[in-house]
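If you count the sequence shown from 1, position 123 lands on 1141 in our numbering, and the numbers rise without skipping.
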Amino acid sequence: MEFKHYTVMKNEAVDALECKDGLIYVDCTLGGGGHSELILKRISPNGRLISFDVDEDAISAASERLKDYKNLTIVKNSYTNIKKVLHDLGIEKITGGVLFDLGASYHQFNKAERGFSFSKPAPLDMRFNQDADFSAYDVVNTYSEDDLVRIFSEYGEERFSKRIAKAIVEQRKTKKLETTTELADLITNCTPKVKSSIHPATRVFQAIRIEVNHELQNVKNTLNDVLDLLDIGAIISVISFHSLEDRIVKHLFKYHSQRCHCEKNQMICTCPPPRLELVNKKPLMATEEEISENPPSRSAKLRVARCINL
């Protein structure tokens, strides 16, 4: 299958980095290479870009697309290991900026055998990193009913979490669920028909994908790691696609841009100076033109902050 990838908010996310020749930048989610290519155009010839991805398809396609850039290092590794990877590359500080484009890519959703979508029968997979052992099959067929309820509720905000979890546990007593369409059909059959523009299985599939790839915890941990890596003046630009991710980014940016975290009854503030300043207090959204070209862009939110203290 040809690698297809739509780069969401490409200009807005890269514009936010204020790219300058000679500085070091990191693209934490290489994908199809759209953001990386635009960064490279703006920082060449003396700037340096390190781009992360765990998806072999993405790395293969982007490597071909960006083969003429000598100041690019593509790393097959999770961005969660950013501290170690940069240390091994001899990089102490990100002097320019870092970009996160969170969530699954167009290619992952549309390559049937990856199991992210229920539009075609496929194994229950959903792994970003295909070298990982843990998949959607393990979540669906081994998690307790209580754990299924928890992830469907927390990560999918699914109102029928208990009903769906119970149906899954009952079903696997006779036959384990193996394909995306089996799971989607079970969800459709065990939940009430409601007027909605989204498929009844959408929220559950999102929740399972988040669980399989540890997405929320990875985002939270890595954003904190990145704060330690930013040089003064460096910018962090984050695109998120659902409220749970955006909430993590919003709260972290807000906390580290506040001047004081003391209790109200504390007479003298002992807080260190804020580490970040918010570039945009409200998230930037995709344009109507972009949404018409790529409807999933409608849920994208871009938050940007600048490092002002180490």
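Note that the Cβ used here is the ideal one computed from N, Cα and C, for glycine as well.
Checking the DSSP bridge columns, you'll see Arg1321 partnered with Val1256. Of all alpha-carbon atoms in Ile1286, Met1285, Ser1255 and Glu1295, the one lying nearest the alpha-carbon of Tyr1273 is that of Glu1295. With a threshold of 16 other beta carbon atoms within 10 Å, Leu1107 falls short and is exposed. In the three-state scheme derived from DSSP, where H, G and I count as helix and E and B as strand, Ile1068 is classed as strand.
Three or more Cβ pairs drawn from the region 1246-1255 and the region 1112-1119 lie within less than 8 Å of each other, which places the two stretches in contact. For Glu1295, there is no enclosing alpha helix (DSSP H); the enclosing beta strand (DSSP E) has its first and last residue at Leu1294 to Leu1296.
When C-alpha distances from Ile1254 are compared across Asp1243, Leu1262 and Ser1261, the shortest belongs to Asp1243.
Residues Ser1258, Pro1301, Lys1319 and Arg1321 of the same chain have their beta carbon placed closer than 8 Å to that of Asp1264, with the five preceding and five following residues left out of the count.
In the structure shown, Phe1178 adopts coil according to DSSP, grouped into three states. Nearest to Arg1060 by C-alpha distance, out of Ser1069, Ser1214, His1105 and Tyr1043, is Tyr1043. Inclusion of Leu1204 and Asn1159 in the CB contact set at 8 Å is not warranted, their separation being larger than that value. Between the beta-carbon of Ser1315 and that of Val1026 there is about 5 Å, and that keeps the pair under the 8 Å contact cut. Per DSSP, the continuous alpha helix (DSSP H) segment holding Asp1106 begins and ends at Ile1100 to Asp1106. Within the region 1194-1241, the alpha helix (DSSP H) runs of at least 4 residues that lie entirely inside it are, in chain order, 1198-1208 and 1220-1231.
Residue environment: Gly1051 is assigned as buried (16 or more neighbouring CB atoms within 10 Å of its CB, all protein chains considered).
One thing to note: Ala1154 has its Cβ no nearer than 8 Å to the Cβ of Val1167. In this structure, Tyr1097 places its C-beta atom within 8 Å of the C-beta atom of Cys1046. Between Ser1078 and Leu1048, the gap from beta carbon to beta carbon reaches 8 Å or more. Cα atoms of Asp1156 and Glu1176: separation of roughly 20 Å, rounded to the nearest angstrom. According to DSSP, Lys1094 shares a beta bridge with Asp1071. The C-beta of His1279 has fewer than 16 other C-beta atoms within 10 Å across all chains shown, which makes the residue exposed. Per the C-alpha coordinates, the member of Arg1324, Leu1241, Met1285 and Cys1325 positioned closest to Asp1119 is Leu1241. In the displayed model, Ile1042 falls within a strand according to three-state DSSP.
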